[in-house]
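**Student:** Numbering (my numbering), first residue to last: 101 to 251.
Beta carbons are placed, not taken as given, at the ideal position from N, Cα and C, and that holds for glycine.
Computed from a prediction, not measured in an experiment: that's the story for all the values here.
Dumping the structure here so I can ask a few things about it.
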Amino acid sequence: MRSAVYSKPRPYLIRTTTRIARALARVVAVCICVAGVPMPAAQAELIATDRAEPSAHAQTSARAALTSLLDRADVRAALESRGVSAEEAKARVAALSDDEAEQLAAKLDSLPAGGGGFETVLWIGFLVFVILLITDILGFTKVFPFTRPAK
101 MRSAVYSKPR PYLIRTTTRI ARALARVVAV CICVAGVPMP AAQAELIATD
151 RAEPSAHAQT SARAALTSLL DRADVRAALE SRGVSAEEAK ARVAALSDDE
201 AEQLAAKLDS LPAGGGGFET VLWIGFLVFV ILLITDILGF TKVFPFTRPA
251 K
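Listed below in structure tokens is the structure:
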């Protein structure tokens, strides 16, 4: 009896594995190219001094900025989802001292707009896991002990 280890290689299996590997390499190359495409940057232009309104920024107090923030629909929805009404939040802002209002407005201005990027790190980790898993299943690597290469 001959063991499967000593049998002759089957050319159709080699061709199939090679085709799968090439297709996978093409998909990975396209994904890398798409991930490397730069996003369009913000456009900025010079404006004349008379068009700039520094007085409008000076007149806006911290309390008015907080009140205008509470007038936004998305902020109201987020407050209501946490059990706080918009009127109650406006009353609390009105009860703040000027220093407290300025500190709160400064803290809100310093917060990042889009989050900390934790989701991006998770997606990259997931992508690396999937690529390593596929290469393990195809038999190119041996990273995970729970996979068996395709025969």
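May I have the straight-line CA-CA distance separating A135 from I120, to the nearest angstrom?
**Tutor:** A135 and I120: Cα-Cα distance of roughly 22 Å.
**Student:** Per DSSP, what kind of secondary structure is G217 in: helix, strand or coil?
**Tutor:** In this structure, G217 counts as coil in the three-state DSSP scheme.
**Student:** Check this for me: beta carbons of L166 and A205, under 7 Å apart or not?
**Tutor:** Contact: yes.
**Student:** Are the segment 197-211 and the segment 221-240 touching, with three or more C-beta to C-beta distances below 8 Å?
**Tutor:** No: fewer than three Cβ pairs fall under 8 Å.
**Student:** Here's a check: name, in chain order, each residue in its chain whose Cβ is nearer than 7 Å to the Cβ of A189, leaving out the five neighbours to either side.
**Tutor:** Result list for A189: L170, L179, in chain order.
**Student:** Could you give the distance in angstroms between the alpha-carbon of F244 and the alpha-carbon of I231?
**Tutor:** When rounded, the distance between both Cα atoms is 12 Å.
**Student:** Taking only the alpha-carbon atoms, compute the straight-line gap between A158 and K207 and give it to the nearest angstrom.
**Tutor:** The predicted model places A158 with a pLDDT of 36, which falls under 50 and marks its position as unreliable, so this point remains unresolved.
**Student:** Near R163, which residues of its chain fall below 6 Å by C-beta distance, leaving aside the five closest residues on each side in sequence?
**Tutor:** If we look at R163 and ignore the five residues flanking it on each side, its Cβ neighbours are A201.
**Student:** Within its chain, find whatever has a CB closer than 8 Å to the CB of R176; leave out the 5 residues flanking it on each side and keep chain order.
**Tutor:** Correct list, in chain order: L170, A186.
**Student:** Using C-beta distances below 8 Å, list every residue in its chain close to S181, excluding the 5 sequence neighbours before and after it, in chain order.
**Tutor:** Closer than 8 Å at the Cβ level, and outside the excluded window around S181, lies no residue.
**Student:** My understanding is that L233 touches T247, with C-beta atoms under 8 Å, so please give their C-beta distance in whole angstroms.
**Tutor:** About 7 Å separates the two Cβ atoms, so the contact holds.
**Student:** Grouping DSSP H, G and I as helix and E and B as strand, with all else coil, what is I237?
**Tutor:** In the structure shown, I237 sits in a helix (DSSP, three-state: H, G or I).
**Student:** Around the C-beta of V137, are 16 or more other C-beta atoms found within 10 angstroms, so that it is buried, or is it exposed?
**Tutor:** That one is exposed.
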